[in-house]
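*Asks:* Residue numbers 39 to 207, in the numbering used here, belong to the letters of the sequence shown in order.
Just so it is clear, CB atoms sit at the ideal spot from N, CA and C, and this is done for glycine as well.
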Amino acid sequence: MDTANREVDFKFKDPLSVELVSSEYEIFLRAPIGRAWEKIIDGMDNWWPHRFKPGSIVVIEPRVMGRWEERFDDKGNGALYGMVTYCDPPNAFAAVGQWGMFGAINSGGLWKLTEQDGGTLLRTRGEMMGHITQQMLDGRTEGSVGLLKSLRHWVEDDLDWRKLEEMNK
39 MDTANREVDF KFKDPLSVEL VSSEYEIFLR APIGRAWEKI IDGMDNWWPH
89 RFKPGSIVVI EPRVMGRWEE RFDDKGNGAL YGMVTYCDPP NAFAAVGQWG
139 MFGAINSGGL WKLTEQDGGT LLRTRGEMMG HITQQMLDGR TEGSVGLLKS
189 LRHWVEDDLD WRKLEEMNK
């Protein structure tokens, strides 16, 4: 780079490529829809085990433009996972964001709850777009399945992810 001319040096690291990945998950929760919604939203820190920092808390603000975030402290430090774009309690919510995947990646998803057989059927549908490696895709798939299992234990058994971790040692 010619620093005397103060030019901006710009190079593409790799040829430009964009991937689009769609995913759908479904899980039955033995709880009425109102209780399932409450446990998902108000109890997020109890079933969402993924953390950038130990001791942080994960919250979702259930309103349009609400944040889905990990709070490292009470000073505003943390990680923004996503932003709520649709909120219809107790039926559905949608959010967009990077979900902790760094780089040129954007993701969006819809969480839909439906009353069924005395419980709640939760269906999630998401799309992820950007430079997505196989390792990222594998991690997201494994992570999503783990999240839903953790959610089921929280909704049905009042077992948070910390207790589950201790029980599985």
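1) Does A74 come out as helix, strand or coil in the three-state DSSP assignment?
2) Can you find at least 3 beta carbon pairs, one from the stretch 127-138 and one from the stretch 72-80, that sit closer than 8 Å?
3) Which residues in the same chain have their Cβ closer than 8 Å to the Cβ of W192, if we skip the five residues on either side of it in sequence?
4) Can you tell which of G135, V102, Q154 and L160 has its C-alpha closest to the C-alpha of L185?
5) Please classify M39: does DSSP put it in a helix, a strand, or coil?
6) Have a look at Y63 and E45 and give me their C-alpha separation to the nearest angstrom.
7) Just the Cα atoms here: how many angstroms apart are V102 and E165?
8) Do you know offhand how far R105's Cα is from G156's?
9) Output needed for V122: all residues of its chain with C-beta closer than 8 Å, excluding positions within five of it in sequence on either side, in chain order.
10) So the alpha helix (DSSP H) D80 belongs to, where does it begin and stop?
11) Are the beta-carbon atoms of E194 and A69 separated by less than 8 Å?
12) Here's a check: name, in chain order, each residue in its chain whose Cβ is nearer than 7 Å to the Cβ of L36, leaving out the five neighbours to either side.
13) Quick one: Cα of W149 to Cα of H169, how far?
14) Enumerated in chain order, which unbroken segments of the beta strand (DSSP E) with a length of 3 residues or greater are wholly contained in the stretch 132-199?
15) Alpha carbons only, please: which of R190, T162 and Y119 is nearest the one belonging to F137?
16) CA-CA distance, R202 and L189?
17) Specify the secondary structure class of W85 as computed by DSSP and reduced to three states.
*Replies:* On the basis of the supplied data:
1) In the sequence shown, counting from the first residue as 1, residue 74 sits at position 36. Here A74 sits in helix by DSSP.
2) yes
3) On the sequence shown, residue 192 is found 154 positions in, with the first residue counted as 1. K77, G81, N84, W85, D198 and W199.
4) Residue numbering aside, residue 185 sits at position 147 when the sequence shown is read from its first letter. The shortest Cα separation from L185 among G135, V102, Q154 and L160 belongs to L160.
5) Counting from one through the sequence shown, the residue named residue 39 turns up at place 1. With a pLDDT of only 49 at M39, under the threshold of 50, the placement of this residue in the model should not be trusted; the figure read from the coordinates follows. DSSP places M39 in coil when its eight states are reduced to three.
6) Residue 63 sits at position 25 when you count from the first residue of the sequence shown. Residue 45 sits at position 7 when you count from the first residue of the sequence shown. Distance between the alpha carbons of Y63 and E45 is about 48 Å.
7) Here residue 102 is taken as the residue at index 64 of the sequence shown, counted from 1. Here residue 165 is taken as the residue at index 127 of the sequence shown, counted from 1. Those two C-alpha atoms are separated by around 19 Å.
8) Here residue 105 is taken as the residue at index 67 of the sequence shown, counted from 1. Here residue 156 is taken as the residue at index 118 of the sequence shown, counted from 1. One C-alpha to the other measures close to 31 Å.
9) For the purposes of this step, residue 122 is taken as the residue at position 84 of the sequence shown. Taken in chain order, the residues that qualify are I98, E99, P100, R101, V102, M103, G104, R105, W106, F131, A132 and A133.
10) Taking the first residue of the sequence shown as 1, we reach residue 80 at position 42. Where D80 is concerned, there is no enclosing alpha helix (DSSP H), given that its DSSP letter is neither H nor E.
11) One-based indexing of the sequence shown puts residue 194 at position 156. One-based indexing of the sequence shown puts residue 69 at position 31. Yes, the Cβ-Cβ distance between E194 and A69 is below 8 Å.
12) Nothing about residue 36 can be reported from this structure: the residues present for the chain run from 39 to 207 only.
13) As a working note, residue 149 is residue 111 in the sequence shown. As a working note, residue 169 is residue 131 in the sequence shown. Roughly 24 Å separates the two Cα atoms.
14) 143-154 and 157-168
15) The residue labelled residue 137 in the question sits at position 99 within the sequence shown. Note on identity: in this sequence residue 137 is Trp, with Phe being the wrong assignment. Among R190, T162 and Y119, the Cα nearest to that of W137 is on Y119.
16) By one-based count along the sequence shown, residue 202 stands at place 164. By one-based count along the sequence shown, residue 189 stands at place 151. Looking at the sequence shown, residue 202 is not Arg but Leu. C-alpha separation (whole angstroms): 11 Å.
17) What you label residue 85 is simply residue 47 of the sequence shown in a count that begins at 1. W85: helix per DSSP, three-state reduction.
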